[in-house]
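Okay, so here's the structure we're looking at.
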Amino acid sequence: MVLRALYWIPIFGWLLRDAVYGDTLSRILFVVNLLVLWALAIMIFGYPAVIVPALLLTPTMLAIIVVFTLRP
Numbered sequence: 001m002v003l004r005a006l007y008w009i010p011i012f013g014w015l016l017r018d019a020v021y022g023d024t025l026s027r028i029l030f031v032v033n034l035l036v037l038w039a040l041a042i043m044i045f046g047y048p049a050v051i052v053p054a055l056l057l058t059p060t061m062l063a064i065i066v067v068f069t070l071r072p
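Just so we're aligned: 46 in our numbering is position 46 of the sequence shown, and the numbers increase by one with no gaps anywhere.
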């Protein structure tokens with residue numbers, strides 16, 4: 001449902017739909033486009049464009065470490 005809602009975003013939705021239903025090249029180009037957008041955000045906004053994703057991924061990495069270190 002959320003993915004279908006994202007398809008309605010004008011340019012991003014078209015790229016996302018092509019990545020989901022397209023071939024391997026479409027998926028690779030989607031990832032390349034995301035990396036280019038991130039690089040442009042770093043060029044425009046500078047340090048905050050680097051640190052905000054790192055801060056958002058910190059809880060995720062902590063959860064992964066906890067899951068991997070649990071004893072079965």
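Glycine residues also receive a C-beta, built at the ideal position from the N, C-alpha and C atoms. A quick note: this is a predicted structure, and the numbers were derived from the prediction, not measured.
Please classify Tyr7: does DSSP put it in a helix, a strand, or coil?
The residue labelled residue 7 in the question sits at position 7 within the sequence shown. Correct three-state label for Tyr7: coil.
Can the beta-carbon of Tyr21 be found closer than 8 Å to that of Gly13?
Taking the sequence shown and counting its residues from 1, one reaches residue 21 at position 21. Taking the sequence shown and counting its residues from 1, one reaches residue 13 at position 13. For Tyr21 and Gly13, no; Cβs fall outside 8 Å.
Measuring only the C-alpha atoms, how far is Ala41 from Val31?
Within the sequence shown, the letter at position 41 stands for residue 41. Within the sequence shown, the letter at position 31 stands for residue 31. One C-alpha to the other measures close to 15 Å.
Whole angstroms is fine: what's the gap from Ile11's alpha carbon to Ile64's?
Residue mapping note: residue 11 aligns to position 11 of the sequence shown, counting from 1. Residue mapping note: residue 64 aligns to position 64 of the sequence shown, counting from 1. Approximately 33 Å, taken between the alpha carbons.
What residue range does the alpha helix (DSSP H) around Asp43 cover?
Here residue 43 refers to the residue found at position 43 when the sequence shown is read from its first residue. Before going on, a small fix: residue 43 reads as Met here, not Asp. Thr24 to Phe45 is the span of the alpha helix (DSSP H), which, as asked, contains Met43.
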